[in-house]
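Protein chains: 4
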Amino acid sequence: MKNELTKQSILLFEKKGFNQTSIQDIVNALDVTKGTFYYYFASKEQLLMDIHHDYITNLLKRQYGILDDEHLTQKEKLMKIIHLLITDIADQGPSARVFFREIRYLSDENIETIKQKRNQFRLNIQKVIEEGSKLGEFHNELRADMLSFGILGVTNWSYNWYKTNGEVSPDELTKIYADMILTGIAKRR
Amino acid sequence: MKNELTKQSILLFEKKGFNQTSIQDIVNALDVTKGTFYYYFASKEQLLMDIHHDYITNLLKRQYGILDDEHLTQKEKLMKIIHLLITDIADQGPSARVFFREIRYLSDENIETIKQKRNQFRLNIQKVIEEGSKLGEFHNELRADMLSFGILGVTNWSYNWYKTNGEVSPDELTKIYADMILTGIAKRR
Amino acid sequence: MKNELTKQSILLFEKKGFNQTSIQDIVNALDVTKGTFYYYFASKEQLLMDIHHDYITNLLKRQYGILDDEHLTQKEKLMKIIHLLITDIADQGPSARVFFREIRYLSDENIETIKQKRNQFRLNIQKVIEEGSKLGEFHNELRADMLSFGILGVTNWSYNWYKTNGEVSPDELTKIYADMILTGIAKRR
Amino acid sequence: MKNELTKQSILLFEKKGFNQTSIQDIVNALDVTKGTFYYYFASKEQLLMDIHHDYITNLLKRQYGILDDEHLTQKEKLMKIIHLLITDIADQGPSARVFFREIRYLSDENIETIKQKRNQFRLNIQKVIEEGSKLGEFHNELRADMLSFGILGVTNWSYNWYKTNGEVSPDELTKIYADMILTGIAKRR
DNA sequence: GATGAATGAGATTTCATTCAT
DNA sequence: TATGAATGAAATCTCATTCAT
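Residue numbers (the UniProt record's numbering), protein chains in the order written: chain A, 1 to 189; chain B, 1 to 189; chain C, 1 to 189; chain D, 1 to 189.
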């Protein structure tokens, strides 16, 4: 039941937004009553926090799976992280959109917790760039911090428009963006 | 008064979100009454629409100023558009954040109007890329559509984190991102 | 201007009701401003009172025109009064409907004034019946009071449904109702 | 509770009118809170619709009870319907007055529904008159439609003035009006 | 585990009226 | 005569949450 409530909530939060979704909406969708909701969740915000926590924890875990693979070059790591984000937003659309859009409705304390994890994710990208620079895979003197934000922008922005069932697959989109980030779009003279 | 209400609303919407900001909050900040608000705005949503409309209209106008300059190469146009976005988000932070975050609270009809203009802005970027490819400034066979989304991601994402008063100026950030987009971060072998 | 305001108000009060019609609605219809309204009327209620007072005063005056005509039998007087009411409701539809429906929105004091005049109108009918009984035009021992209410019911109810432009003219309707009231619908054995 | 809210509302609507009665007034009278009201009714209008629907449904049911009785002549049916209306208005005064006065505050859609039922009630009277004409109980060539409106006027108007506790009982009033309608008030020469 | 009646605080909106100009 | 900005009181409605069962 808790699981069903969470799933249904994600769908509703995505469609109508956290604030526009009432507990009543959620329990109606499952044909149970409000009491049931409060049996499983301490508050509406707690549910939102659960969703956020699950999402970022899972993402971080998978990022570490990439980072910890010693056979990969930094370039490969970066590509795999881009791929991770694109596919995740494509596959878990609703969760991803709730994650990016509704963080504001968490309590200050919870926002802090989530932002820390989000920042950790970004810092890990920054480190890949720094390491790549040092190892000669990437240019020297890159602003790894600014670039990590830029790369996250490229990928995360896709939650605003990207639809899996379009003509471009996640794999293709990954290649398009990785090419742009690694080699640019300008022709060499 | 209408102007003051709009300005104050933007600040509050940015800080607390559209939904979390009550009309009471707005009028309290200016020491007037709710009646005054409704003398100037038909509804809370109408105010939000005004904000959105002003923002995107201004942005589009400035984009066309760049596009219509015949002395510029496509590469230069692209750089100027990136610069336009970065500086705009830096300078008009609150408006920009309201624009990106609160569009959801518009009516379906108004969302449509705004999205059309937003899409026009993106299509204009796409055309620059296509033209650049044709003229030999950029690679051939680029997915100009996907790249236009990616470039917007890089710049627009900055509303989430970028602060003007940090160590990196808008001009510098523009250069960092233009370099990445045009020539990539990977070292050529 | 005062006259135009009154006329327009009657039309709006009929269509939307007194309460549902705002001063704004009224002045909008004449392209003036609220200040203008309050220059001519002390309050919204005062306007309604004016409308009521004009209506019932006019009706009473015309009733006395009938009553004071010494050439008429009581039967003829009754018929003329029925005719007066039917035609008035037909001709002055909006005023009539406002008069019957919106009295509630007058102040207690004003209600009293209007009700007194309305009752005078009814009492005058009652007197015609009593006089007719005494003179042998009508049956003896009629409950003239109850009948006066009944006759007013027949005629006044028409404001609820009667439309002049239908197939039955006010003159025809008067005859139908006068026949019913005077001779009944049952066949004599 | 729902029932108590409805009952109390009818009393308040009668006394002050639908518009002049706030939800606050209603719940204050029962010492509950506004939330309670909205737990039971979707809106203030829904409550009004419930009242209307119940009233006219009950009235129609009782009318059919009369119409379907094959032992009755048309004259008797007409008398019983008059009796039904008079007693109903006398007994259920508040409901009746709300029914006649406040229909305007229903939504267009709901007005339509109620008016259809009201019209059915009237058409049933019209049919009795037509049938009575055919069977020789009533005159030929009566305008049964206009007369049905007139008869309803006689009875329904009583909600405006009739008080049970006066000197005339519902049974007596029924006789007075039935006599007028069937045989008229004029003396036969 | 689950129900559902009840709460209470707050949100948006309406509008008659005032008043300085 | 007329304007229009501003007020303030009240109205409808929403909803997260509680709690006895």
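Quick reminder that beta carbons are idealized off the backbone N, C-alpha and C, glycines included. All values derive from a computational prediction rather than experimental measurement.
Proximity of the region 80–93 of chain B to the region 141–156 of chain B meets the contact definition, three or more beta-carbon pairs being nearer than 8 Å. Distances from the alpha-carbon of leucine 5 (chain B) to those of B:Leu30, B:Asn19 and B:Arg122 put B:Leu30 closest. Within the UniProt domain "HTH tetR-type" (1–59) of chain D, the alpha helix (DSSP H) runs of at least 4 residues that lie entirely inside it are, in chain order, 2–16, 23–30 and 34–40. Nearest to isoleucine 185 (chain A) by C-alpha distance, out of B:Leu147, B:Met49 and B:Asn160, is B:Leu147. Scanning the region 97–158 of chain D for uninterrupted beta strand (DSSP E) segments of 3 residues or longer gives nothing; none is fully contained.
In the DSSP assignment, alanine 186 (chain A) is bridged to B:Phe138.
In the structure shown, the three-state DSSP call for glutamate 76 (chain A) is helix. If you ignore the 5 residues before and after isoleucine 23 (chain B), its C-beta comes within less than 7 Å of the C-beta of Lys34, Phe37 and Lys44, all in its own chain and listed in chain order. Sorting B:Asn119, B:His139 and B:Lys7 by C-alpha distance to the C-alpha of tryptophan 161 (chain A) places B:Asn119 at the top. Between threonine 73 (chain C) and glutamate 137 (chain C), the gap from beta carbon to beta carbon is short of 8 Å.
Excluding the 5 residues flanking it on each side, valine 98 (chain C) has same chain C-beta neighbours closer than 7 Å at Ile10, Phe13, Glu14 and Ile51, in chain order.
Here tyrosine 177 (chain D) carries a helix assignment [DSSP, helix/strand/coil]. Contact between alanine 96 (chain C) and proline 170 (chain C) is absent: CB atoms are separated by about 12 Å, not below the 8 Å threshold. Within a 10 Å sphere around the beta-carbon of serine 158 (chain C) sit 16 or more other beta-carbons, which makes this residue buried. Listed along chain A, the residues sitting closer than 8 Å to histidine 139 (chain B) by beta-carbon distance are Ile185, Ala186 and Lys187.
Close partners of serine 158 (chain B) in chain A (Cβ separation under 8 Å): Phe149 and Gly153. Proximity of glycine 17 (chain C) to chain D, defined by a Cβ-Cβ separation below 8 Å, is satisfied. For a cut-off of 8 Å, the C-beta gap from glycine 150 (chain D) to lysine 75 (chain D) is around 16 Å, too long to register as a contact.
DSSP places asparagine 160 (chain B) in the helix class (H, G or I) of the three-state scheme.
What leucine 173 (chain C) touches in chain D, judged by beta-carbon distance under 8 Å, is Met146, going in chain order. Look at serine 169 (chain A) here: in three-state DSSP terms it is coil, with no helix or strand label. The CB of arginine 104 (chain A) comes closer than 7 Å to the CB of Gly17 in chain B, given here in chain order. Interface flag for leucine 142 (chain C) against chain D is set, since a Cβ pair is found closer than 8 Å. The residues Ser133, in chain order, have a CB closer than 8 Å to that of histidine 139 (chain C) in the same chain once the five nearest residues on each side in sequence are set aside. One Cα belongs to threonine 183 (chain B), the other to leucine 182 (chain A), and the distance between them is close to 8 Å.
Secondary structure at histidine 83 (chain D): helix, using DSSP grouped into helix, strand and coil. Between the beta-carbon of asparagine 124 (chain B) and that of leucine 67 (chain B) there is about 6 Å, and that keeps the pair under the 8 Å contact cut. Note on alanine 178 (chain A): 16 or more other CB atoms within 10 angstroms of its CB, so buried under the neighbour-count rule. At a beta-carbon threshold of 8 Å, none of the residues of chain B lie near lysine 61 (chain A); the nearest stands roughly 23 Å away. Taking a Cβ-Cβ threshold of 9 Å, the residues of chain D close to valine 168 (chain C) are Arg143, Asp145 and Met146, in chain order.
Between the alpha carbons of tyrosine 55 (chain B) and leucine 48 (chain C) lies a distance of about 47 Å.
In chain C, no part has a C-beta under 8 Å from the C-beta of glycine 93 (chain D); the shortest such distance is about 16 Å. Using a Cβ-Cβ cut-off of 8 Å, leucine 72 (chain B) does not count as an interface residue toward chain A, since no Cβ of chain A sits closer than that to its own. Comparing alpha carbon positions, the residue from A:Met1, A:Gln8 and A:Gly17 closest to isoleucine 103 (chain B) is A:Gly17. By the criterion of a C-beta distance shorter than 7 Å, lysine 115 (chain C) is surrounded by no residue of its chain, once the five residues flanking it on both sides are discounted. Linking asparagine 28 (chain B) to tyrosine 40 (chain B) through their CA atoms gives a straight-line distance of about 16 Å.
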